[in-house]
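Asks: Below is a structure I'd like to ask you about.
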Amino acid sequence: MTVIEARGLRKEFTITRSLGRLRRSKRVLAAVDGVDLTVCEGELLGYLGPNGAGKSTTIKMFTGVLTPTSGHLRVCGLEPVPQRTRLTRQIGVVFGQRSQLWWDLPLRESFELARHIWRVPAVEHAARLRMLRSRLDLDAFLDTPVRQLSLGQRMRGDLTVALLHAPRVLFLDEPSIGLDVVSKQAVRAFLTELRDAGDTTVVLTTHDLADIERLCRRLVVIDHGHVVHDGTLADLHARYGSRRRVIVDFEAPPTTSLDLPGVSVESRDGAQVTFSIDGTVTTAGALVARLPELGSIRDLTVTEPAIEDVIAQLYASPAEAAPRA
Ligand SMILES: Nc1ncnc2c1ncn2[C@@H]1O[C@H](COP(=O)(O)OP(=O)(O)OP(=O)(O)O)[C@@H](O)[C@H]1O
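Mapping of the sequence shown onto full-length UniProt numbering: residues 1 to 325, in sequence order.
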């Protein structure tokens, strides 16, 4: 079932610049420029792009904060701005840089207030809070005022508030920003569980490449307001010809070479040889099976293509609309 449907979605801003005391210039900027996107129930979608690409503007339209200039948009079957009151019951929103918790109240009170705002029946609320308390490990700081919480604790509180009314879609904007390694892992583990449970659709906006790699089966990349990639991370690697590497330490420098289609020698350093593999032609297994022809092996490592490299290539390419992979 489709939960988000955008066709030709566009948002323009008029930028006014002062050219002296009396003169002003006006320029129209299309922050989102014809985005087509369909998100199905239970998907966890990574929505990425370089700074200023149009991510926040899209999310603001999805959540009913900004009115699109043109295009078709439905979230949970609703038109976000005119039907915002109904929409807010169906969505949860977490901004990594802006907490929605009540600053002066103990965390527990924020959850109670959220229950009243969403008019969640007490029994249902208690059951959901119990589940979230245990999955997000909240008990140690439930009675601490929000202003005294660490960033990681506050993020766990924010996730709880956003999910207490059992929204169909959760929008997460940079949830791991500023978190230490342990807190990031805790948030990531929770989101993995949420994804695998399959009953909440998640739209994750992030610059954190580890989050993208571990969580997102589908990536939508936006640049200059256009979708430039819509598919899996593997599709992205294939598009940029990313290669796996096999680094082999032989007992002695090999004196012969291998003739295997899709495999090339990237570098040699004494008895160490680094092979690069074109995954569309062959596999690391096929190479490893032939390696004894070159000599006895002391050690062997297979490295995956780095996500940093492929995302950097994508951001560096001129923006052009890519077909859905
Ligand atoms: N209210 C506004 N008025 C004018 N221009 C705006 C407004 N909001 C955003 N923009 C411009 O629209 C473009 C897209 O901005 P947006 O915040 O959506 O990017 P983003 O992808 O979320 O970036 P970041 O990763 O830095 O958060 C930018 O050029 C930005 O300057």
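Glycine included, every Cβ here is placed at the ideal spot set by N, Cα and C.
On a predicted model such as this, the values are computed, not experimentally measured, just so you know.
I need the boundaries of the beta strand (DSSP E) containing T297, first residue and last residue.
Replies: Note on residue identity: the sequence assigns Ile, not Thr, to residue 297. Here the beta strand (DSSP E) through I297 covers I297 to T303.
Asks: Could you check whether L44 and V202 sit closer than 7 Å to each other, using their CB atoms as the reference points?
Replies: A contact, by the Cβ cut-off of 7 Å.
Asks: At a threshold of 6 Å, does G54 count as lining ligand 1 (C-beta to nearest heavy atom)?
Replies: yes
Asks: For residue 351, does the count of other Cβ atoms within 10 angstroms reach 16, so buried, or fall short, so exposed?
Replies: Any property of residue 351 remains undetermined from this structure, which presents the chain solely from 1 to 325.
Asks: Near T200, which residues of its chain fall below 6 Å by C-beta distance, leaving aside the five closest residues on each side in sequence?
Replies: Within the same chain, T200 has close Cβ partners L170 and L194.
Asks: From this set, V302, E41, V35 and E5, which residue's C-alpha is nearest V248's C-alpha?
Replies: V302
Asks: Closer than 6 Å to a non-hydrogen atom of ligand 1 - does that hold for the CB of A31?
Replies: yes
Asks: R217 to L233, Cα distance in whole Å?
Replies: 7 Å
Asks: Measure the Cβ-Cβ separation of T57 and V28 and say whether it is below 7 Å.
Replies: no
Asks: Please check the pair H237 and V310, which I expect to be a contact at CB under 8 Å, by giving their CB distance rounded to whole angstroms.
Replies: 6 Å
Asks: Please check the pair L204 and D211, which I expect to be a contact at CB under 8 Å, by giving their CB distance rounded to whole angstroms.
Replies: That belief holds up - the Cβ atoms of L204 and D211 are roughly 7 Å apart, short of 8 Å.
Asks: For R17, count neighbouring C-beta atoms within 10 Å of its own C-beta (all shown protein chains included) and say buried if the count is 16 or more, exposed if not.
Replies: exposed
Asks: Assuming L149 contacts G178 (C-beta within less than 8 Å), just tell me the rounded distance between them.
Replies: Not really, about 13 Å apart at Cβ, beyond 8 Å.
Asks: Under the three-state reduction of DSSP, which class applies to H237: helix, strand or coil?
Replies: helix
Asks: Distance cutoff 7 Å, beta carbons only. Does S70 sit that close to anything in chain C?
Replies: Protein chains in the displayed structure number just one, and chain C is not present.
Asks: Whether or not the segment 64-76 and the segment 110-125 are in contact is what I'm after, with contact meaning three or more pairs of Cβ atoms, one per stretch, closer than 8 Å; do they touch?
Replies: no
Asks: Within the segment 240-293, note down every full alpha helix (DSSP H) run reaching 4 residues or more, in order along the chain.
Replies: 284-290
Asks: Is any heavy atom in ligand 1 found nearer than 6 Å to the beta carbon of G49?
Replies: yes
Asks: Closest to C40 by CA distance: which of K60, F13, I4 and P167 is it?
Replies: I4
Asks: Within its chain, find whatever has a CB closer than 8 Å to the CB of T192; leave out the 5 residues flanking it on each side and keep chain order.
Replies: R214 and L215
Asks: What number of angstroms, rounded off, separates the C-alpha of A325 from the C-alpha of S264?
Replies: Its pLDDT being 37, under 50, A325 is placed unreliably by the model, and the measurement read from it follows with that caveat. Each residue's alpha carbon lies about 28 Å from the other.
Asks: Leaving aside the five residues before and after W118 along the sequence, list all residues of the same chain whose C-beta is less than 6 Å from its C-beta, in chain order.
Replies: So the qualifying residues of the chain are H165.
Asks: To which residues of the same chain is A278 closer than 7 Å at the C-beta, ignoring the five residues directly before and after it?
Replies: Residue identity differs from the one stated: residue 278 is Asp in this sequence, not Ala. Taken in chain order, the residues that qualify are R243 and G262.
Asks: Would you check whether ligand 1 has a heavy atom nearer than 6 Å to the C-beta of T16?
Replies: no
Asks: Can F190 be considered in contact with ligand 1, in the sense that its beta carbon sits closer than 6 Å to one or more heavy atoms?
Replies: no
Asks: Please find out if some non-hydrogen atom of ligand 1 comes closer than 6 Å to the beta-carbon of T206.
Replies: No; taking the cut-off as 6 Å, the Cβ of T206 has no heavy atom of ligand 1 nearer than that.
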